[in-house]
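For reference, the structure discussed in these notes is given below.
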Amino acid sequence: MILAARSQLYFLKITAGLTARESKSPAVCSFNSSQFHPHFNNTGRHHVKRKKKVIAITGASSGIGEASAKLLAQNGAKVVLGARRPQKLEAIVEDIRAKGGTAEFKALDVTHRDDMTAFIHF
7 MILAARSQLY
17 FLKITAGLTA
27 RESKSPAVCS
37 FNSSQFHPHF
47 NNTGRHHVKR
57 KKKVIAITGA
67 SSGIGEASAK
77 LLAQNGAKVV
87 LGARRPQKLE
97 AIVEDIRAKG
107 GTAEFKALDV
117 THRDDMTAFI
127 HF
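See the structure below:
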């Protein structure tokens, strides 16, 4: 999965066991950059410091990509989702919007450079 805060195009690859931080909620990861850093507040809830960020997430049609997209959108970030299964992405975007979040999606295959270039400029 690749996350990118689109205004600065910070890319962070999340792979199981390498950058996922152990916490009370194992599906929650720590995303670090100088511009964007979701963290836990005193209630244990994850929230976004910079609510106007646009975050691009690949692999967002299931698993940790889907969970990250929903969590970040719930906490004020605009999310742009990418994956090979547009039907699943559409359902996830509809769910995020129904809960008051802001989300868009684009079908892509991360193994194709043209797809990734189009996604970055989406």
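Mapped onto my numbering, the consecutive letters of the sequence shown carry residue numbers 7 to 128.
We treat Cβ as the ideally placed atom computed from N, Cα and C, and that holds for glycine.
Taking buried to mean at least 16 other C-beta atoms within 10 Å of its own C-beta, is residue i buried or exposed?
| i | result |
| --- | --- |
| T117 | exposed |
| K59 | buried |
| S68 | exposed |
| E72 | buried |
| L24 | In this prediction, L24 scores a pLDDT of 36, lower than 50, which makes its location untrustworthy; the coordinate-derived value is nonetheless stated afterwards. By the neighbour-count rule (16 or more Cβ atoms within 10 Å), L24 is not buried but exposed. |
| F128 | exposed |
| A66 | buried |
| G4 | No information on residue 4 is available, as it lies outside the stretch 7 to 128 that the chain covers here. |
| A75 | buried |
| A104 | exposed |
So if DSSP puts residue i in a beta bridge, which residue, or which two residues, is it bridged to?
| i | result |
| --- | --- |
| L87 | I63, F111 |
Query raised in the report: Should the segment 118-128 be called in touch with the segment 94-107, which here means at least 3 C-beta pairs below 8 Å?
Result: no
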